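Quick note, our numbering runs 83 ahead of the 1-based positions in the sequence shown. Here a beta-carbon is modelled for each residue, glycine too, at the ideal position from N, C-alpha and C. Quick caveat: nothing in here was measured; it's all calculated off a predicted structure.
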Amino acid sequence: MSGEKTGLLLAGGPVRFEFAAGFVKKYPYSWVVTADSGLSLCMKLGLRPDLAVGDFDTFGRERMEALRKETGWNFEVHRPEKDETDMELAVLGAAAAGCRRLYVLGGTGGRLDHELSNVLLMKKAKKLGVSMELYDEHNRLFLLEAETDSGYRFLKDQVYGTYVSFLPLSQKVEGITLEGFRYPLKKKDISIEENPSLCVSNELLLEWAQIFFERGSLICVESRD
Numbered sequence: 084m085s086g087e088k089t090g091l092l093l094a095g096g097p098v099r100f101e102f103a104a105g106f107v108k109k110y111p112y113s114w115v116v117t118a119d120s121g122l123s124l125c126m127k128l129g130l131r132p133d134l135a136v137g138d139f140d141t142f143g144r145e146r147m148e149a150l151r152k153e154t155g156w157n158f159e160v161h162r163p164e165k166d167e168t169d170m171e172l173a174v175l176g177a178a179a180a181g182c183r184r185l186y187v188l189g190g191t192g193g194r195l196d197h198e199l200s201n202v203l204l205m206k207k208a209k210k211l212g213v214s215m216e217l218y219d220e221h222n223r224l225f226l227l228e229a230e231t232d233s234g235y236r237f238l239k240d241q242v243y244g245t246y247v248s249f250l251p252l253s254q255k256v257e258g259i260t261l262e263g264f265r266y267p268l269k270k271k272d273i274s275i276e277e278n279p280s281l282c283v284s285n286e287l288l289l290e291w292a293q294i295f296f297e298r299g300s301l302i303c304v305e306s307r308d
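What follows is the structure, given as structure tokens:
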């Protein structure tokens with residue numbers, strides 16, 4: 084929606100600098116948050132973080148303290164022994180700052196446990212009123228929920244890649260209808276246990292396509308080779 088506050092979250096996963104530099108020029112945002120070593124990428128990009136969050140065990144505590152004294156930037160420092168990941172704390176910070184859309188770089192491609200946690204975190208972000216999107220060079224991931232997103236439209240000239248996949252995040256997703264896709268569906272259910280890969284690697288057949296569904300939560304992945 085127009086007028087919504089959009090944030091950029093730089094996490095600690097691997098990101099090629101050239102990709103990140105191109106991304107921040109293309110996608111508009113008005114607020115920047117970093118999670119631990121995401122601060123390094125932020126500085127390389129020449130950005131000023133509105134909030135830097137984490138235990139800074141990767142970035143380095145001494146380096147962080149020196150930077151805080153030198154710059155006066157807003158740091159939110161946590162102990163390593165905590166219940167949340169640095170990424171989750173950064174999302175909470177973005178929500179508290181009023182972000183309603185959040186682009187995330189560095190949330191994929193590193194440790195698999197952190198990557199899966201970041202994907203699942205999209206659900207919590209949604210409950211906080213934040214539409215969270217994970218980006219890397221090959222993928223855009225975001226969450227669709229039946230109550231708010233049934234009827235979501237994909238435009239061929241705006242999708243992130245050739246392929247569009249839908250994976251069940253809830254135990255079961257009911258009544259999926261796909262229109263305008265190469266492989267259409269009509270009132271089909273998918274579940275984690277029975278057919279989780281049914282909606283993987285679809286493509287837009289027309290200039291636009293839509294998904295309707297009656298109940299549940301889906302991870303949408305727009306991908307390119």
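What would DSSP say about Ala-180, mapped onto helix, strand or coil? Position 97 of the sequence shown, counted from the first residue, corresponds to residue 180. Look at Ala-180 here: in three-state DSSP terms it is coil, with no helix or strand label.
Identify every residue that forms a DSSP beta bridge with Tyr-218. Numbered from 1 along the sequence shown, position 135 holds the residue referred to as residue 218. According to DSSP, which records beta bridges pairwise, Tyr-218 is partnered with Leu-188 and Arg-223.
State the DSSP-derived secondary structure class of Phe-249, mapped to helix, strand or coil. Reading the sequence shown from its first residue, position 166 is the one you call residue 249. Phe-249 falls in the strand class under three-state DSSP.
According to DSSP, is Asn-285 part of a helix, a strand, or is it coil? Locating residue 285 in the sequence shown gives position 202, where the first residue counts as 1. If DSSP states are grouped into helix, strand and coil, Asn-285 belongs with the strands.
Counting C-beta neighbours from all protein chains within 10 Å, is the total for Asp-308 16 or more, i.e. buried, or is it exposed? Start at 1 with the first residue of the sequence shown, and residue 308 comes out as number 225. Answer is exposed; the Cβ neighbour count stays below 16.
Take the Cβ of Val-160 as the centre, count every other Cβ of all protein chains shown within 10 Å, and call the residue buried at 16 or more, exposed below. Within the sequence shown, residue 160 is the residue found at index 77, counting from 1. Exposed: under 16 other Cβ atoms inside 10 Å.
Range of the contiguous beta strand (DSSP E) that encloses Arg-236: Along the sequence shown, read from residue 1 onward, the residue named residue 236 stands at position 153. Note, Arg-236: beta strand (DSSP E), 235-238.
If you measure between the beta carbons of Ala-180 and Leu-134, is that distance less than 8 Å? For the purposes of this step, residue 180 is taken as the residue at position 97 of the sequence shown. For the purposes of this step, residue 134 is taken as the residue at position 51 of the sequence shown. Yes, these two residues count as a Cβ contact at 8 Å.
Less than 8 Å between the beta carbons of Ser-306 and Ser-214, yes or no? Within the sequence shown, numbered from 1, the residue matching residue 306 stands at position 223. Within the sequence shown, numbered from 1, the residue matching residue 214 stands at position 131. No. Outside cutoff.
In its own chain, which residues sit with a C-beta less than 6 Å from the C-beta of Tyr-266, not counting the 5 before and 5 after it? Start at 1 with the first residue of the sequence shown, and residue 266 comes out as number 183. For Tyr-266, same chain residues with a beta-carbon under 6 Å away, outside a window of 5 residues either side, are Asn-285 in chain order.
Helix, strand or coil for Ala-94? Go by DSSP, reduced to three states. Residue 94 sits at position 11 when you count from the first residue of the sequence shown. In the structure shown, Ala-94 sits in coil (DSSP, three-state: anything other than H, G, I, E or B).
Closest residue to Leu-217 among Leu-130, Phe-237 and Met-170 (Cα-Cα distance): Within the sequence shown, numbered from 1, the residue matching residue 217 stands at position 134. For Leu-217, the nearest C-alpha among the options comes from Met-170.
List, from N- to C-terminal side, the alpha helix (DSSP H) runs of 4 residues or more that fit wholly inside the region 113-188. Scanning the region 113-188 from its first residue to its last, the whole alpha helix (DSSP H) runs of 4-plus residues come out as 121-127, 144-154 and 169-179.
Since Ser-306 is in the beta strand (DSSP E), which residue starts that stretch and which ends it? Within the sequence shown, residue 306 is the residue found at index 223, counting from 1. First-last of the beta strand (DSSP E) with Ser-306: 300-306.
Under three-state DSSP, which class holds Lys-209? Position 126 of the sequence shown holds residue 209. Note: Lys-209 maps to helix in three-state DSSP.
Quick one: what's got a C-beta closer than 6 Å to Arg-184's C-beta in the same chain, skipping five residues either side? On the sequence shown, position 101 is the one that residue 184 refers to. Beyond the five residues adjoining it in sequence on each side, Arg-184 comes within less than 6 Å, by CB distance, of Glu-87, Thr-89 and Ser-214 in the same chain, given in chain order.
7 Å CB neighbourhood of Lys-206 in its chain, flanking five on each side removed: Taking the first residue of the sequence shown as 1, we reach residue 206 at position 123. If we look at Lys-206 and ignore the five residues flanking it on each side, its Cβ neighbours are Leu-226, Leu-252 and Ser-300.
Using beta-carbon positions only, say whether Gly-244 and Pro-97 come within less than 8 Å of one another. Position 161 of the sequence shown, counting from 1, holds the residue named residue 244. Position 14 of the sequence shown, counting from 1, holds the residue named residue 97. For Gly-244 and Pro-97, no; Cβs fall outside 8 Å.
Measuring alpha carbon to alpha carbon, tell me which residue in Leu-122, Lys-270 and Leu-199 is nearest Asp-140. Within the sequence shown, numbered from 1, the residue matching residue 140 stands at position 57. Comparing Cα-Cα distances from Asp-140 to each of Leu-122, Lys-270 and Leu-199, the minimum goes to Leu-122.
Would you check if the distance between the CB atom of Val-116 and the CB atom of Val-136 is smaller than 8 Å? Translated into the one-based positions of the sequence shown, residue 116 becomes position 33. Translated into the one-based positions of the sequence shown, residue 136 becomes position 53. The Cβ atoms of Val-116 and Val-136 sit closer than 8 Å to each other.
What number of angstroms, rounded off, separates the C-alpha of Thr-260 from the C-alpha of Ile-294? Position 177 of the sequence shown, counted from the start, is the residue given in the question as residue 260. Position 211 of the sequence shown, counted from the start, is the residue given in the question as residue 294. Taking the straight line from one Cα to the other gives about 6 Å.
How is Lys-270 classed by DSSP in three states: helix, strand or coil? In the sequence shown, counting from the first residue as 1, residue 270 sits at position 187. DSSP places Lys-270 in strand when its eight states are reduced to three.
Taking buried to mean at least 16 other C-beta atoms within 10 Å of its own C-beta, is Gly-105 buried or exposed? Numbered from its first residue, the sequence shown carries residue 105 at position 22. Gly-105 should be labelled exposed.
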